[in-house]
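Everything below concerns the one structure shown next.
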Amino acid sequence: MEQGVGANLLLLWAMCLGHAQADGSSGYASVIEVTNGGPWGGWARPEMCPDGFFASGFSLKVEPPQGIPGDDTAMNGVRLHCTRGNAEHVVESQSGRWGAWSEPLWCPFGSFLVAFSLRVEAPVIPGDNTAANNVRFRCSDSTELEGPGLAWGDFGNWSEPCPKGICGLQIKIEQPRGLRDDTAVNDLRFFCCRS
Ligand SMILES: *[C@@H]1O[C@H](CO)[C@@H](O)[C@H](O)[C@H]1NC(C)=O
């Protein structure tokens, strides 16, 4: 049900962007996803690179292991580092409150991010869940970059590639739950560049 409403809103948003495209402003060609995302939280607002910028690097916000008794959340955010020439612009959709940002990892010069795979811990009930723990990206020159996330769970299948690179992201994040178990980032989607 919630998923359906989210999909419809996304479609509506896509149609608006499609309309804007007719006026020459930015848009996206398609969305890439994976099938192993975590079950908690909701999709935050999407955020796109500016016109003419391509994501060529990324950084992660990661909370280190909290020990016992602690409430681990692992991955709390993902930033795309969009570049055009020497100009850089960073986008992050929405991020959680825990952890610290890593230094960016970059595709080799002249290549850009095209696909991703998500490391997710399967739900443990009852338990201290973390959901998404890490991300790998593939660059247009086939280089693979693995984020400095945590090691719980497994990497799932790769997404489809974006033919012309990644130009935006949307994060599925669980809001803080007070004394109850927190997971922060659960799933990711990326938007493919038009040109
Ligand atoms: C992952 O990919 C393999 C090979 O294409 C496929 O058999 C499998 O069903 C996929 N797994 C998921 C969870 O989609």
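39 is the number of the first residue of the sequence shown in the numbering used here; add one for each residue after it.
Ideal placement from N, C-alpha and C gives every residue a C-beta, glycine not left out.
Taking a C-beta distance under 8 Å as the contact criterion, P77 and S131 do not qualify as a contact pair. Contact check for A112 against A170 passes: the beta carbons are separated by less than 8 Å. Across the set E141, Q213, D110 and A93, the C-alpha of A93 shows the shortest separation from the C-alpha of C177.
Taken through DSSP and simplified to helix, strand or coil, V152 comes out as strand. If the five residues before and after G194 are omitted, its C-beta is found closer than 7 Å to the C-beta atoms of V72, T73, N74, S155, L156 and V158, all from its own chain and listed in chain order.
For N167, the three-state secondary structure derived from DSSP is coil. Between S197 and I70, the gap from beta carbon to beta carbon is short of 8 Å. Each of T73, N74, G194 and N195 has a C-beta closer than 7 Å to some heavy atom of ligand 1; these make up the full list, in chain order.
As summarised for the region 107–147, the continuous beta strand (DSSP E) elements at least 3 residues long and confined to that stretch are 113–122 and 125–129, given in chain order. Annotation: the continuous beta strand (DSSP E) that includes K99 extends over F92 to V100.
Inclusion of L188 and V129 in the CB contact set at 8 Å is not warranted, their separation being larger than that value.
Taking the CA atoms as reference points, G137 sits about 24 Å from L151. Relative to Q104, the option among D166, E182, D225 and R122 whose CA is nearest is D166. N172 is bridged by DSSP to R157. Distance from the CA atom of F228 to the CA atom of R117, rounded to whole angstroms, is 11 Å. Going by C-alpha positions, G115 is about 23 Å away from R122.
When the beta-carbon positions are compared, D220 and E212 come within less than 8 Å of each other.
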